[in-house]
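**Student:** Going by our numbering, the sequence shown opens with residue -16, and the numbers climb by one from there.
Note that CB positions come from ideal geometry on N, CA and C, so glycine has one too.
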Amino acid sequence: RLDQTRSASNLRENQAEFRALSVRAARLTANLAGTAFTPQPEWSLQAPGIVEQEQALYESLQAQRTLQRQIAEEQLEQRQQELAEVTARSRQLARSLELSRQELSVTRPMVNSGAVSQVEILRLEREVNQLSGEYDQSRAQLKRLDSAIAEAQRRLSEVEVEFENTVREELTDTIARINGLREAGEGLSDRVRQTEVRSPVKGTVNRLYFNTIGGVVLPGKEVIEIVPLDDSLLVEVRIRPKDIAFLVPGQEALVKLTAYDFVVYGGLEGVVEHIGADTIMDEDGNPFYEVHVRTRESGFGEDMPIMPGMTVQVDVLTGKKTILAYLMKPVLRAKQYALTER
-16 RLDQTRSASN
-6 LRENQAEFRA
4 LSVRAARLTA
14 NLAGTAFTPQ
24 PEWSLQAPGI
34 VEQEQALYES
44 LQAQRTLQRQ
54 IAEEQLEQRQ
64 QELAEVTARS
74 RQLARSLELS
84 RQELSVTRPM
94 VNSGAVSQVE
104 ILRLEREVNQ
114 LSGEYDQSRA
124 QLKRLDSAIA
134 EAQRRLSEVE
144 VEFENTVREE
154 LTDTIARING
164 LREAGEGLSD
174 RVRQTEVRSP
184 VKGTVNRLYF
194 NTIGGVVLPG
204 KEVIEIVPLD
214 DSLLVEVRIR
224 PKDIAFLVPG
234 QEALVKLTAY
244 DFVVYGGLEG
254 VVEHIGADTI
264 MDEDGNPFYE
274 VHVRTRESGF
284 GEDMPIMPGM
294 TVQVDVLTGK
304 KTILAYLMKP
314 VLRAKQYALT
324 ER
């Protein structure tokens, strides 16, 4: 097992941030939809502080949203009430102005007969002018209130739009960060898994290259050498140059282990897999070809294990002959060399 302190710490930080952002994304989604914020049970167990914080933020945002909407609605309602009052007053002024004009038109002819003084006519004209001015002011005020109501309605719509845009922007950023953390987390998890070196096959440890605490393993370096037990065996065979001409890859072979009596235990069937391109010298200076034979079985059983370094004898089936050919071989050889000198 390799030291996983740093990689495990980075993975825990990644998971903690991923969990916090996931809770925030759920809270923002609830804020945006106007639904209740219901965190997952595992979040409450793994990060109760974060869940409590996001719950408080949810309630704060919802209260802010309600307050802004309430203020905008009250402003709209106030403008609508003012409009109703000015409309009623404008109608009243219009009626009073109409009556004053009628009174003036009826009274004016009486001046010539002396029934009404000129002062009364001036008073009526002043009253008509005053009512006309007030009526014009009410009409102008109605136009201003119409614009104010339209503005209040627009502001009420903007309250929701601004709130949704703000929350949606934060939600988009949170989801982007979650996706980034998810990809980074896969790499960190894989790095933590790789700190525990496991053999892909069942086997026996043949050589250990690193066995010191704190040792540094460079990328691509071998850590341990495993001899598989459940796989086929690869046997290295030395073939004399005079016998190599009859060997080709794919030929059947029989592997006999010297540690186990062939008569009692038999051998392992195999096939020639590789033939060296040139000869190699052994310790005594004798040339040989290196040939690889792959067995079909991994051994004779658990009670008779095969260990690295055991010596074997390999018989390769290079061809077939009849019994007559074996019997005639000495005769044919004598005939070939008869009446010749060496």
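1. If distances are taken between C-alpha atoms only, which option among 239, 252, 55 and 243 comes closest to residue 131?
2. Of the residues 265, 219 and 16, which one's Cα is nearest the Cα of residue 276?
3. Which whole runs of the beta strand (DSSP E) in the stretch 248 to 277 are 3 residues long or more, in chain order?
4. Where does residue 70 sit, in a helix, a strand or coil, going by DSSP?
5. Let's test the definition: count the other Cβ atoms within 10 Å of the Cβ of residue -10 and tell me whether it reaches 16, buried, or not, exposed.
6. In chain order, what residues of the same chain lie with their CB nearer than 8 Å to the CB of residue 125, ignoring the 5 residues before and after it?
7. Look at the Cβ atom of residue 236, then the Cβ atom of residue 247, and state whether they are nearer than 8 Å.
8. Whole-angstrom Cβ separation of residue 4 and residue 160, contact assumed at under 8 Å?
9. Residue 235 lies in the beta strand (DSSP E); which residues open and close that run?
10. Does DSSP put residue 23 in a helix, a strand or coil?
11. Below 8 Å between beta carbons: does that hold for residue 169 and residue 190?
12. Kindly indicate which residue of 113, 87, 23 and 250 has the alpha-carbon position closest to the one of residue 102.
13. Buried or exposed: which applies to residue 192, given that a residue is buried once 16 or more other Cβ atoms fall within 10 Å of its Cβ?
14. To which residues of the same chain is residue 97 closer than 6 Å at the C-beta, ignoring the five residues directly before and after it?
15. Hey, residue 38 and residue 20: beta-carbon distance below 8 Å or not?
16. Under DSSP, the alpha helix (DSSP H) around residue 94 begins and ends at which residues?
17. Are the beta-carbon atoms of residue 10 and residue 40 separated by less than 8 Å?
18. Among 147, 206 and 43, which one has its Cα closest to the Cα of residue 12?
19. Helix, strand or coil, according to DSSP, for residue 294 in the structure here?
20. For a test of the three-state rule: what should DSSP assign to residue 219, helix, strand or coil?
21. Could you give the DSSP three-state label for residue 209: helix, strand or coil?
22. Can you check which of these residues, 48, 165, 79 and 265, is closest to residue -5 by C-alpha distance?
23. Can you list, in chain order, the residues of its chain whose CB lies under 8 Å from that of residue 231, leaving out five sequence neighbours each side?
24. Determine the direct distance from the alpha carbon of residue 278 to that of residue 234, and round the result to whole angstroms.
25. For residue 217, which residues of its own chain have a beta-carbon under 7 Å away from its beta-carbon, when the five flanking residues on both sides are left out?
26. Given that a residue counts as buried once 16 or more other Cβ atoms are within 10 Å of its Cβ, and exposed if not, what is residue 263?
27. Specify the secondary structure class of residue 189 as computed by DSSP and reduced to three states.
28. Which value, in whole angstroms, describes the spacing of the CA atoms of residue 135 and residue 58?
29. Buried or exposed for residue 300, going by 16 or more other Cβ atoms inside 10 Å?
**Tutor:** Looking at the atomic coordinates:
1. 55
2. 219
3. 251 to 258
4. helix
5. buried
6. Cβ within range, chain order: 66, 69, 70 and 73.
7. no
8. 6 Å
9. 235 to 240
10. Coil at residue 23, not helix or strand.
11. no
12. 87
13. Per the 10 Å Cβ criterion, exposed.
14. none
15. yes
16. Boundaries of the alpha helix (DSSP H) harbouring residue 94: 93 to 96, taken from the DSSP string.
17. yes
18. 147
19. coil
20. strand
21. strand
22. 165
23. 255 and 258
24. 12 Å
25. 275 and 277
26. exposed
27. In this structure, residue 189 counts as strand in the three-state DSSP scheme.
28. 6 Å
29. exposed
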